[in-house]
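Numbering (this note's numbering), first residue to last: 1 to 311.
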């Protein structure tokens, strides 16, 4: 067995070790101890799940838990010969096992419009749907997915292999506009400029947060459509890079199918050892988009049409 980083994303001849990774059991530095990893759904844990984690940490671990950067929980210091028993009790108490190794990891998400005043889409509901569809899928390399409800990007979709970011596309009803210029003053990206007494929107600069719609006293800015931009190729670590928009716009209902299309394209094009960003860089953004071939039903904007993807 090759002894490499047992939480890495490379395919290895790990035998039983890989079975542990599938179950969220990770070897720690001490050879006779392991870490039990559990996942949340969009960062949410019930009170019952929290009580279960506390009980299991006291019974099998060191009496404490670690909150991971991907909205999971880990119990460390578990004796190797007690890992299976811990996993069984955890399932019985409604805890969801995490995962490691060459597969789709926990889907992270912000609270979204359900509770956040800035949220544009229901990121929690979408993350749960993506978890059901993709979590733990064997893909030969680690794949991380994140969902943010608005361009504030609290869940960092641009830093994940696949990321979704909620946005609205504004449209001006010029006959309603009073020419006050408030939208131009408050636009966070300076995408709106006043020309001859009327606001003009540079869509290549618009980040889709919808502030112009929210603050217009005359109601001249309206919502043309609402949905998500789909990023691909982001990652952190020793070779960080930001993801690029490969699908300019999808509705919430289309998002899971769009992620499937991007993931399928990646698996068709990838070479051994490549993360999604490596494949995207080698193939090129234009060709990768062409291979994905997505067209949204909302407004029928095709991949490659100029919009947020040029920002």
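All C-beta atoms, glycine included, are put in the ideal place defined by N, C-alpha and C.
Item	Value
Range of the contiguous alpha helix (DSSP H) that encloses residue 249	Per DSSP, residue 249 belongs to no alpha helix (DSSP H); it is in the beta strand (DSSP E), 244-250.
Distance between beta carbons of residue 189 and residue 149, contact taken as under 8 Å	The pair is not a contact, with the Cβ atoms about 18 Å apart (cut-off 8 Å).
Runs of alpha helix (DSSP H) wholly within the stretch 109-185 (minimum 4 residues, chain order)	123-134
Residue range of the unbroken beta strand (DSSP E) whose run includes residue 41	Segment: none, residue 41 is in no beta strand (DSSP E) and carries neither H nor E.
Straight-line gap, residue 77 to residue 99 (C-alpha atoms, nearest Å)	18 Å
Counted within 10 angstroms of its Cβ, other Cβ atoms place residue 130 as buried (16 or more) or exposed	buried
Whole runs of the alpha helix (DSSP H) within the stretch 251-297, excluding any shorter than 4 residues	255-269, 276-283 and 285-292
For residue 180 and residue 215, believed in contact at Cβ under 8 Å, the rounded distance	With a Cβ gap of about 10 Å, residue 215 and residue 180 do not count as contacting.
Cβ-based neighbour list, residue 35, same chain, cut-off 6 Å, excluding 5 preceding and 5 following	26, 28, 74 and 76
Residue 279 classed as buried or exposed, judged by whether at least 16 other C-beta atoms fall within 10 angstroms	buried
Segment contact, 8 Å Cβ cut-off, at least three pairs: the stretch 193-201 with the stretch 129-144	no
Extent of the continuous beta strand (DSSP E) to which residue 223 belongs	221-232
Own chain, CB closer than 6 Å to residue 277, minus 5 neighbours either side, in chain order	233, 235 and 241
For residue 72, the residue or residues it bridges with in DSSP	39
Alpha-carbon spacing of residue 46 relative to residue 95, whole angstroms	10 Å
Residue 208 and residue 169 closer than 8 Å at C-beta	yes
C-alpha gap between residue 294 and residue 91, whole angstroms	38 Å
Contact check, residue 70 vs residue 105, beta carbons under 8 Å	yes
Own chain, CB closer than 7 Å to residue 302, minus 5 neighbours either side, in chain order	With a pLDDT of 38 at residue 302, under the threshold of 50, the modelled position of this residue cannot be trusted; read the value that follows with caution. Within the same chain, residue 302 has close Cβ partners 295.
Rounded separation between residue 231 and residue 220 - CA only	30 Å
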